[in-house]
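Data block below; observations after.
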Amino acid sequence: MRFRIKPVPRFAGLASWGAVLRLAVLGILLGGLIAMIVKMPGRSHQGPLPPLTAQEAALSSELRQDVQKLSGEIGERNTVCYRELTAAADFIEAALTESGYQVFRHEYVAAGRLCRNLIAETRGTKLPEEIIVVGAHYDSVLGCPGANDNASGVAALLALARRFAGKPNERTIRFVAFVNEEPPHFLTRRMGSLVYARLCRERGDKIVSMLSLETIGCYFDSKGSQKYPWPFSFFYPATGNFVGFVGNLANRKLVAKAIGVFRRETAFPSEGAALPGLVPGVGWSDHWSFWKCGYPGIMVTDTAPYRYPHYHELTDTPEQLDYERMTRVVAGLGRVIARLANPGRPST
């Protein structure tokens, strides 16, 4: 029997090594991208939470009352439920005025209705032209009283505005309650935050950071309570007990800065992500509008549909929220905003 040995092509070995090299390079690139996404300064708090201070207990009561007013009393509020939308705007305007602010109405027409964003600011002492925007939308989706989405964010906005009123900061802090974040205006030219961000760009406002407070009242301790778009469940915890700081890759530095301060100064679990813009959920709030206008922005959130079972449902009511943990988040956000607004002050 004769055996015939097949000649090996001259460059077969080189081709195999080329494929291995390409895979290695791809692996390095993917590893680098994953590191950019998930690697954040500091460590998320673990273990028991400390008792609320007296000031935090008062804040908790304040948050509960404002959520109850917006969601429990006023209820669904949008351009279909226009009377309720107007009532919510009136309540927010009155609350900011009572805190000592001059409130500016930014009005425009959407769906044949006169709608308004509400703006109140405390002017910076050293860098007044540099602006920190803290925003939250006050409308709710159709058929939903919107307690977590987004009376929680508005209650936080009002609480923070009260605590910064009359206090000196190097940069200007601007609090904005946005209208028409929800469908059918979501990610359209009639979205309140986009109309406003375009106005800011047209007049040359120097916005150095924008924080969107979006759905921040739901927290669970059970494993499996937290979901993610694929493949991020491999990199983030399965327990929905944390607050998220979310941005796109272009805003990674702002995400890292905000969560770094939060972790250093607040005993509460937190996760940060700077994700590609195509990942579902990354741009699902008013920070998206500021991205569109070239401004840096991030979202602070409990991750909304990836955790909250009552998201965009009739059952999104005030009693569903965890006010104690929401209080800790809002208190921590106050420290984040203070740090962003005072870049010249030494870190504690």
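Under our numbering, the letters of the sequence shown match residues 186 to 533, in that order. Every residue gets a Cβ at the ideal spot worked out from N, C-alpha and C, and that includes glycine. Here the structure is a predicted model, which means the values were calculated and not measured.
Item checked: Segment limits, beta strand (DSSP E) that includes valine 361 -> Position 176 of the sequence shown, counting from 1, holds the residue named residue 361. First-last of the beta strand (DSSP E) with valine 361: 356-363.
Note to self: Taking DSSP's pairing of strands, which residues face serine 455 in a bridge?
What the structure shows: Here residue 455 corresponds to residue number 270 of the sequence shown, with the count starting at 1. In DSSP, serine 455 forms a bridge with Val428.
Item checked: Residues near isoleucine 444 by beta carbon distance below 6 Å, same chain, minus five either side -> The residue labelled residue 444 in the question sits at position 259 within the sequence shown. So the list reads Met225, Phe430, Ser455 and Gly457, once near-sequence residues are dropped.
Checklist line | Member of Val318, Glu366, Ile304 and Asn302 whose CA lies at the smallest distance from the CA of leucine 439 | finding: Walking along the sequence shown from the start, residue 439 turns up at place 254. It is Val318.
Notebook entry, point to check: What residues are listed by DSSP as bridge partners for glutamate 399?
Noted result: If you number the sequence shown from 1, residue 399 lands on position 214. Its beta-bridge partners are Thr486.
Note to self: Which residue wins for smallest C-alpha separation from proline 235, given the options Tyr496, Ala350 and Thr451?
What the structure shows: Along the sequence shown, read from residue 1 onward, the residue named residue 235 stands at position 50. Measuring from the Cα of proline 235, the nearest candidate turns out to be Thr451.
Check: Is the segment 321-337 touching the segment 235-247 in the sense that three or more CB pairs, one from each, lie closer than 8 Å?
Finding: no
Check: For tyrosine 421, which residues of its own chain have a beta-carbon under 8 Å away from its beta-carbon, when the five flanking residues on both sides are left out?
Finding: In the sequence shown, residue 421 corresponds to position 236, counting from 1. Around tyrosine 421: Val223, Gln411, Tyr413, Glu456 and Ala458.
Next item on the list: Decide if proline 528 is buried, meaning its Cβ has at least 16 other Cβ atoms within 10 Å, or exposed.
Entry: Here residue 528 is taken as the residue at index 343 of the sequence shown, counted from 1. Proline 528 should be labelled exposed.
Next item on the list: Quick one: give me the first and last residue of the beta strand (DSSP E) that phenylalanine 417 is part of.
Entry: On the sequence shown, position 232 is the one that residue 417 refers to. Here phenylalanine 417 belongs to no beta strand (DSSP E), and DSSP marks it neither H nor E.
Margin query: If I measure Cβ to Cβ from isoleucine 401 and keep anything under 7 Å in the same chain, skipping five residues before and after, which residues do I get?
Written below: Within the sequence shown, numbered from 1, the residue matching residue 401 stands at position 216. Closer than 7 Å at Cβ, skipping near neighbours: Ser337, Gly338, Ala341, Val428, Val485, Thr486, Asp487, Met511 and Val514.
Note to self: Using 8 Å for Cβ pairs, my map puts arginine 356 next to alanine 523. What's the rounded Cβ distance?
What the structure shows: Residue mapping note: residue 356 aligns to position 171 of the sequence shown, counting from 1. Residue mapping note: residue 523 aligns to position 338 of the sequence shown, counting from 1. That pair is no contact at about 10 Å.
Checklist line | Range covered by the alpha helix (DSSP H) that runs through glycine 320 | finding: If you number the sequence shown from 1, residue 320 lands on position 135. Not the alpha helix (DSSP H): glycine 320 falls in the beta strand (DSSP E), residues 312-322.
Check: With distances taken from CA atoms, which of Ser532, Ala516 and Thr282 is nearest glutamate 241?
Finding: Here the question's residue 241 lines up with position 56 in the sequence shown. When each option's Cα is compared against that of glutamate 241, the closest is Ala516.
Check: Among the residues of its own chain, which have a CB less than 6 Å from the CB of alanine 423, if the five just before and after it don't count?
Finding: Numbered from its first residue, the sequence shown carries residue 423 at position 238. Counting only Cβ-Cβ distances below 6 Å, and skipping sequence neighbours, we find Lys408, Gly409 and Gln411.
Next item on the list: Could you pull out every unbroken alpha helix (DSSP H) segment of at least 4 residues lying fully inside the segment 264-351, listed in chain order?
Entry: 267-283 and 337-349
Check: CA-CA distance, glycine 297 and phenylalanine 371?
Finding: Here residue 297 refers to the residue found at position 112 when the sequence shown is read from its first residue. Here residue 371 refers to the residue found at position 186 when the sequence shown is read from its first residue. Looking at the two C-alpha atoms, the distance is approximately 16 Å.
Note to self: What would DSSP say about glycine 519, mapped onto helix, strand or coil?
What the structure shows: Mapped onto the sequence shown, residue 519 falls at position 334. Reduced to three states, the DSSP call for glycine 519 is helix.
Item checked: Cβ pair count under 8 Å reaching 3, the segment 375-387 against the segment 457-477 -> yes
Next item on the list: On the DSSP bridge assignment, give the partners of asparagine 433 in chain order.
Entry: The residue labelled residue 433 in the question sits at position 248 within the sequence shown. For asparagine 433, which the question treats as bridged, DSSP gives the partners Leu460.
Item checked: Integer-rounded CB distance, given that phenylalanine 447 should sit under 8 Å from valine 521 -> Taking the first residue of the sequence shown as 1, we reach residue 521 at position 336. Taking the first residue of the sequence shown as 1, we reach residue 447 at position 262. Valine 521 to phenylalanine 447, Cβ: 5 Å. Contact.
Item checked: Of the residues Asp390, Gly466, Leu396 and Leu244, the one placed nearest phenylalanine 417, counting alpha carbons only -> Translated into positions along the sequence shown, residue 417 becomes position 232. When only C-alpha atoms are compared, the closest one is Gly466.
Checklist line | DSSP bridge partner residues for lysine 408 (one or two, in chain order) | finding: Walking along the sequence shown from the start, residue 408 turns up at place 223. The partner list for lysine 408 (beta bridge, DSSP) reads Thr424.
Next item on the list: Classify serine 470 as helix, strand or coil using the three-state DSSP reduction.
Entry: Along the sequence shown, read from residue 1 onward, the residue named residue 470 stands at position 285. The answer is coil: DSSP assigns serine 470 none of H, G, I, E or B.
Notebook entry, point to check: Where does lysine 442 land, buried or exposed, given buried means 16+ other C-beta within 10 angstroms?
Noted result: By 1-based counting over the sequence shown, the position of residue 442 is 257. Buried.
Notebook entry, point to check: Could you give the C-beta distance for arginine 301 and alanine 344, rounded to a whole number, given that I count them as a contact under 8 Å?
Noted result: By 1-based counting over the sequence shown, the position of residue 301 is 116. By 1-based counting over the sequence shown, the position of residue 344 is 159. Going by Cβ atoms, the distance from arginine 301 to alanine 344 rounds to 21 Å, so no, they are not a contact pair.
Checklist line | Distance between alanine 435 and isoleucine 213 (C-alpha atoms, nearest Å) | finding: Mapped onto the sequence shown, residue 213 falls at position 28. Mapped onto the sequence shown, residue 435 falls at position 250. Confidence at isoleucine 213 is low in this model, with a pLDDT of 46, below 50, so the placement of that residue is unreliable and no value is reported for it.
Next item on the list: Compute the beta-carbon to beta-carbon distance between isoleucine 392 and tyrosine 480, rounded to the nearest angstrom, for a pair I have assumed lies under 8 Å.
Entry: Here residue 392 refers to the residue found at position 207 when the sequence shown is read from its first residue. Here residue 480 refers to the residue found at position 295 when the sequence shown is read from its first residue. With 8 Å as the limit, isoleucine 392 and tyrosine 480 qualify as a contact, their Cβ atoms being about 5 Å apart.
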